[in-house]
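Residue numbering for the sequence shown follows UniProt numbering, starting at 1 and increasing by one per position.
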Amino acid sequence: MPAAKPFYEYNARARKQLRAGAIPARVYRPEELRDPRRASRENLLVKIAKEKDEAGSWHTFRIPLKVHQRWIGGSIDIQSQVARAVDAARKRGLKAFVLELGCGLGDVLAGEKAKYGDDLVTYGSVLKRTRGADYAGVDHLLEGELRNCLPRRQIFDFVFSLTDGSFSHTRLKAGSLERVIGLLRPGGTAALHMGREFFSGDFESLREVKAVLAENGIKHYATENDVLVFTKPYPHLP
């Protein structure tokens, strides 16, 4: 009986489609819920992908960041937002703090971290840490549900999520959104992928979100391509 070929040889076409953005990324299960053989194959694919791009431009689960941003219509320009945050922080003589909700393997901010060095401090949240991942683009990894893992004393210049899992997989959208607003520095920006079903069908939650934004003085926001984008206003002087 001939030896079995490596998994990726059978899936060259699938890997090509992934790189081209023709098929969506899969949602990965926690380690303890994975089939051992499937988990081994997934880890191998991640290793191959990271070897193919040493610059760190690959998004979570082998999808290039530029492809993912094309899927969401460019609504979240990570590089520009991080550059703006770092520039503003430097003018104040401070470091810029950026948080990615649902950071996957932590690769999205790797390029920006290498570019700005100590001037940029990155945080990333995951439901559960992936065994063996180095999280190269994340200085501080937050593990657990959003309502429990978000820091209480740190404020951020930019908070974002590129996948809808951070909000569409929770029943606490409004509560999580209020926490995110509380994490933002006045003048800081949030860009949150809320999920297609959120804006198309979950009208009760959408009303709740609008109410949360209004309560926090946020009058202007955008909801293009399932992404909620807003800037936290500065407090008004009496």
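Backbone N, C-alpha and C define an ideal beta-carbon position, used for all residues, glycine too.
(message) Going residue by residue through the stretch 77 to 155, where are the continuous beta strand (DSSP E) segments of at least 3 residues, counting only ones entirely within it?
(response) 96 to 101, 120 to 126, 140 to 143
(request) Enumerate in chain order the residues of its own chain whose CB-to-CB distance from Pro186 is below 6 Å, with the five nearest sequence positions on each side excluded. (result) Lys232, Tyr234
(request) Alpha carbon to alpha carbon, how far is Arg84 from Gln77? Give it in angstroms, no decimals. (result) The sequence shown places Asp at residue 77, rather than the Gln named in the question. For Asp77 and Arg84, the distance between alpha carbons rounds to 11 Å.
(request) Might you give, ordered along the chain, the residues of its own chain that have their beta carbon closer than 6 Å to the beta carbon of Arg26, omitting 5 neighbours on each side? (result) Interpretation of Arg26 is limited by its pLDDT of 48, a score under 50 that renders its predicted location unreliable; the figure taken from the coordinates is listed afterwards. Within the same chain, Arg26 has no close Cβ partners at all.
(message) Please classify Gly111 as buried or exposed, where buried requires at least 16 neighbouring CB atoms within 10 angstroms.
(response) Under this definition Gly111 is a buried residue.
(request) Measure the alpha-carbon distance for Glu145 versus Leu183 and round it to whole angstroms. (result) About 16 Å.
(request) With a threshold of 16 other CB atoms inside 10 Å of the CB of Glu100, please say whether the residue is buried or exposed. (result) buried
(request) Use the C-beta contact count for Asp87: other C-beta atoms within 10 angstroms, 16 or more gives buried, fewer gives exposed. (result) Result: exposed.
(message) Quick check: the Cα distance between Gly137 and Val180, rounded to an integer number of angstroms?
(response) Computed Cα separation, rounded: 21 Å.
(message) Let's test the definition: count the other Cβ atoms within 10 Å of the Cβ of Tyr135 and tell me whether it reaches 16, buried, or not, exposed.
(response) buried
(request) Please report how far the alpha carbon of Leu94 lies from the alpha carbon of Gly188, in whole angstroms. (result) 14 Å
(message) Considering Cα atoms alone, identify which of Asp118, Val227, Cys149 is closest to Phe160.
(response) Val227
(message) Mapping the DSSP letters down to three states, classify Gly217 as helix, strand or coil.
(response) Coil at Gly217, not helix or strand.
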